[in-house]
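I have placed the structure first, in the form of structure tokens, so that the comments after it can refer back to it.
2 protein chains.
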Amino acid sequence: MANIQEVAQKAGVSVATVSRVFNNRSTVAKKTRMKVEQAIDELNYEPSVLGRNLRNSESRLLLVLIPSISNPFYSDIINGIEDTAIGLGYNILLCETDSNPDREAIYFNLIRNRLADGIISMDPSVNKSKLIELAGQYPIVQCSEFDEGANISYVTINNELAAYHAVKHLIKIGQKKIGLINSDEKFLYARERRRGYEKAMDEFGLMIEPDWIYNTASLAFEDGKLAMRKLLDLPERPTAVFAVSDILAIGALKEINSSGLQVPGDIAIIGFDKIAFSNMTHPTLTTVSQPMYKMGCISANMIMNKIKGKQVDSIILDHELVIREST
Amino acid sequence: MANIQEVAQKAGVSVATVSRVFNNRSTVAKKTRMKVEQAIDELNYEPSVLGRNLRNSESRLLLVLIPSISNPFYSDIINGIEDTAIGLGYNILLCETDSNPDREAIYFNLIRNRLADGIISMDPSVNKSKLIELAGQYPIVQCSEFDEGANISYVTINNELAAYHAVKHLIKIGQKKIGLINSDEKFLYARERRRGYEKAMDEFGLMIEPDWIYNTASLAFEDGKLAMRKLLDLPERPTAVFAVSDILAIGALKEINSSGLQVPGDIAIIGFDKIAFSNMTHPTLTTVSQPMYKMGCISANMIMNKIKGKQVDSIILDHELVIREST
DNA sequence: TTGAAAGCGCTAACAA
DNA sequence: TTGTTAGCGCTTTCAA
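Quick look at the structure:
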């Protein structure tokens, strides 16, 4: 692979001129430009990003931290980030943390090593103190999940309001005995969505039976199944369930189906996230849609601005209720 | 962020010595080493990957090309690649091509720009001629999908045999009228799986009705639904269906459910890939499992060897039939 | 055992 | 409009 020296030699100019041609910088005479371009073509030259980056002390790489790549919730967000980043000449390094601190440490070091220019974190169980420490020195934004205390910009939705709308929808279709399948309330979104649930129930004077609230260990399909099993085994079981994630809702749906009960006839169910699979179940899942693609685009733009040293504000986006067969 | 100069200065040694300490190279006196380590600690020094990479002309980055990040088929393969790569000090750049040549061109340039040391391609509709041209100059391996003509190492399964086993399973449980939902036969795996289907049918003296073979436009859920609709509308419809991907099978399942028919009572169905969601449907999906994680690990090891200049051979792995409720 | 210095490929300040 | 040159941060050769 040719380097800039060889191109300069072949074209009979200096390396500076080659660099100028490649970057359309300042003024290069038409004739010189042509000579250089021909040499570039002949040698099939491509500039080394490594050299350029070292000189400019930037890598044009973005770190995107997600807990798990197999969680479809992140797909569209990542698409949004990617489209935006590529458009601005950046590439993304997708980092799966498994919510594992060792894994996180490896990725955090990537930015300390200047291999990345910024971090978009979407991991709810990220090491907060480490993240805050890092955010003091490097450009970092949070997407979807964020930390209340930390002074790190984020883009998210109003989780309490979204949950409120979901539960209100169940109430509006006549449901009174409404259960909640929530995840671990160490997560902020889980606490917020619980508040939304409680607010809707309160507002319509409905009893909240403590037994109807189930907190899962994680966000997996099996957790949803297990949660629904517990609810079904109750002496007086709910006739509708709000699950804080589609995967949990799909697990719950599976358990109901396996028990020979009907959705929504016996039990109505509503999820959260509008992942692609929420439309593939039988019946299809009513859910709350987050503007994921948009969230991705916005967080990419936010991090760009941070990298450029600009001040960026946090943003709260709108959600949407998607009514389908399960309610 | 401190650089190697500052550390050297603080420790009262030369930059060469700091480098030696960091890389446990050659011999450094215990006392000198201690001084340096203390300076490293105090300054919280991390070497710049950019500087090191430029000097060593390597990036320790791997490109992984996939058509779509939202296709769960790739999740475990990527996990395998990632675990292996990180263990060897490499990071991966996950590149979603959307099977779009422009997008591909961007990523292909990353290796020409020395931003990546090698490519693992999993995109079945990748620009073959470009890939072959690139493979002449740079380390490239193919995973899962590969090109017959190209002289590029690959890791894959025996698709014909796997399809044969799937169809044979249907025959063994008494099915005679077996349909095939295949993808576009421009893909090698589609042609191979069709051959496996035909081989099993032939072997047991079963008629292959041309109408029972449906080729989809893509691998999406909707394609599966549409395909099943067509099969259901046939005057004489099959009583079992082999779909060459789980997503297509899940689409077919949905269409059958929506028509008020029973699986497997009225129509048995078998998929391919064993994606996580194949276990979440009602009924759960019988499918053919590829050793995805292993494929990922192996392809990562293969690309490492290629980068080191070693000769690497292609590998064909075993598949497995996973019998669940849908058959 | 350590240091001086060259050089990886590029960009940009300065000079001509 | 173009060339010369310093330097980004590191590793490694050679010499001491």
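Going down the list, the sequences are from chains Y and D.
Here the first sequence is numbered in the UniProt record's numbering, starting from 1 and rising by one per residue.
Here the second sequence is numbered in the UniProt record's numbering, starting from 1 and rising by one per residue.
Virtual Cβ for every residue (Gly too), placed ideally from N, Cα, C.
By the neighbour-count criterion, in which 16 or more other beta carbons inside 10 Å mark a residue as buried, residue 151 of chain Y falls on the exposed side.
When the five nearest sequence neighbours on each side are left out, the beta carbons in the same chain lying within less than 8 Å of the beta carbon of residue 37 of chain Y are those of 21, in order along the chain. Using a Cβ distance threshold of 9 Å, residue 2 of chain Y and residue 56 of chain Y do not count as a contacting pair. For residue 316 of chain Y, same chain residues with a beta-carbon under 7 Å away, outside a window of 5 residues either side, are 156, 157 and 158 in chain order.
Under the Cβ distance rule, residue 251 of chain Y counts among the residues neighbouring chain D, one pair being separated by less than 9 Å. Distance from the Cα of residue 110 of chain Y is smallest, within the candidate group D/61, D/293 and D/148, for D/61. Look at the beta carbons and you see the region 83-101 of chain Y not touching the region 136-143 of chain Y: under three pairs across the two are nearer than 8 Å. Straight-line spacing of the CA atoms in residue 203 of chain Y and residue 70 of chain D works out to 39 Å. Taking a contact as a CB-CB distance under 8 Å, the pair residue 295 of chain D and residue 121 of chain D does not count as one, their CB atoms being some 13 Å apart. Beta bridge pairing from DSSP links residue 154 of chain Y with Y/142. When C-beta atoms of the region 269-282 of chain Y are compared with those of the region 239-247 of chain Y, three or more pairs fall below 8 Å, so the two segments count as touching.
The C-beta distance from residue 322 of chain D to residue 286 of chain D rounds to 7 Å, short enough to meet the 8 Å contact threshold. Taken residue by residue, none of the region 196-220 of chain D has a beta-carbon sitting less than 7 Å from a beta-carbon on chain Y.
Residues of the region 70-85 of chain Y that bring their beta carbon within less than 8 Å of a beta carbon in chain D comprise 70, 72, 75, 76, 78, 79 and 82, in sequence order.
By the Cβ neighbour-count rule, residue 302 of chain Y is buried, with 16 or more other Cβ atoms within 10 Å of its own. Boundaries around residue 118 of chain D are those of the beta strand (DSSP E), 118-121, since no alpha helix (DSSP H) includes it. Proximity of residue 262 of chain Y to chain D, defined by a Cβ-Cβ separation below 9 Å, is not satisfied. Using a C-beta cut-off of 8 Å, the region 111-120 of chain Y makes contact with the region 45-55 of chain D, since at least three inter-stretch Cβ pairs fall below that distance. Among the residues of the region 265-278 of chain D, those with a Cβ less than 8 Å away from any Cβ of chain Y are 276 and 277, in the order of the chain. Burial of residue 226 of chain Y is indicated by the presence of at least 16 other C-beta atoms within 10 angstroms of its C-beta. Around the beta carbon of residue 118 of chain D, 16 or more other beta carbons sit within 10 angstroms, so the residue counts as buried.
Here the region 182-189 of chain Y does not lie against the region 8-18 of chain D, with fewer than 3 beta-carbon pairs under 8 Å apart. Residue environment for residue 216 of chain D: buried (at least 16 other C-beta atoms within 10 angstroms of its C-beta).
In this structure, residue 196 of chain D and residue 167 of chain D form a Cβ contact; the two beta carbons are roughly 7 Å apart against a cut-off of 8 Å. The beta carbon of residue 5 of chain D lies closer than 7 Å to those of 15 in the same chain, with the five residues before and after it left out. Closer than 9 Å to the CB of residue 130 of chain D there is not a single CB belonging to chain Y. Interface annotation for the region 283-316 of chain Y against chain D: 283 and 284, criterion Cβ-Cβ distance under 9 Å. Looking only at D/161, D/179 and D/17, the smallest Cα-Cα distance to residue 210 of chain D is reached by D/179. Taking residue 171 of chain D as reference, the option from D/147, D/207, D/148 and D/153 with the minimal CA-CA separation is D/207. Below the 7 Å Cβ cutoff, chain D contributes 280 and 282 as neighbours of residue 254 of chain Y, in chain order.
Under the three-state reduction of DSSP, residue 51 of chain Y is assigned to helix.
The beta carbon of residue 193 of chain Y sits closer than 6 Å to the beta carbons of 159, 163 and 244 from its chain, once the five residues preceding and following it are set aside; these are given in chain order.
At least 9 Å separates the beta-carbon of residue 239 of chain Y from that of residue 290 of chain Y. Here the alpha carbons of residue 233 of chain Y and residue 284 of chain Y stand approximately 24 Å from one another.
In summary, the residues of the region 86-103 of chain Y whose CB is separated from some CB of chain D by less than 7 Å are 86, 91, 93, 94 and 96, in the order they occur in the chain. Within the model, the alpha-carbon separation for residue 230 of chain D versus residue 268 of chain D is close to 16 Å.
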